[in-house]
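Here the structure is laid out as structure tokens; the discussion comes afterwards.
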Amino acid sequence: MKFEDGKEGIVDVNQLIEFTGIFAPLKDFNYLKTVKINAEWGTIHCDNGADLDPDVLYSVVTNQCIPIYKNLE
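Once you know that position 61 of the sequence shown is 1104 in the numbering used here, the rest is easy, because the numbers rise by one and skip nothing.
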């Protein structure tokens, strides 16, 4: 993966998700080849609606903690 700030790396999704529920189809290599990058969302997504949180992916690539966002309401 490569991010807008130039950081890049490899993400092993085996360490992030269980291949059950919406992620179960990813066990099929042919389905896995259909995964795409959605530039608008800034993340990986599947045709069945499954996607990966870009903050989590960035955290894995940069070895940084996931930012905590406070509710500003």
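Here a beta-carbon is modelled for each residue, glycine too, at the ideal position from N, C-alpha and C.
Does the beta-carbon distance from residue i to residue j come in below 7 Å?
i	j	result
I1090	T1077	It is Asp, not Ile, that sits at residue 1090 in the sequence shown. Yes. Within cutoff.
I1065	A1082	no
V1104	G1052	yes
Give the DSSP-derived three-state secondary structure of residue i in the structure shown.
i	result
T1105	helix
D1094	strand
F1087	Looking at the sequence itself, residue 1087 is Ile, so the reference to Phe does not match. Strand at I1087.
How would you write the range of the alpha helix (DSSP H) that residue i sits in, first residue to last?
i	result
N1081	N1081 -> not in any alpha helix (DSSP H); beta strand (DSSP E) instead, spanning K1079 to N1081.
Y1074	F1072 to L1075
Please identify the residue among the options whose C-alpha is closest to the C-alpha of residue i.
i	options	result
G1085	Y1101, N1073 and D1071	Y1101
N1057	D1048, L1069 and E1047	L1069
I1060	K1113, P1110, V1104 and V1099	V1099
K1045	F1072, I1109, I1087 and N1114	I1087
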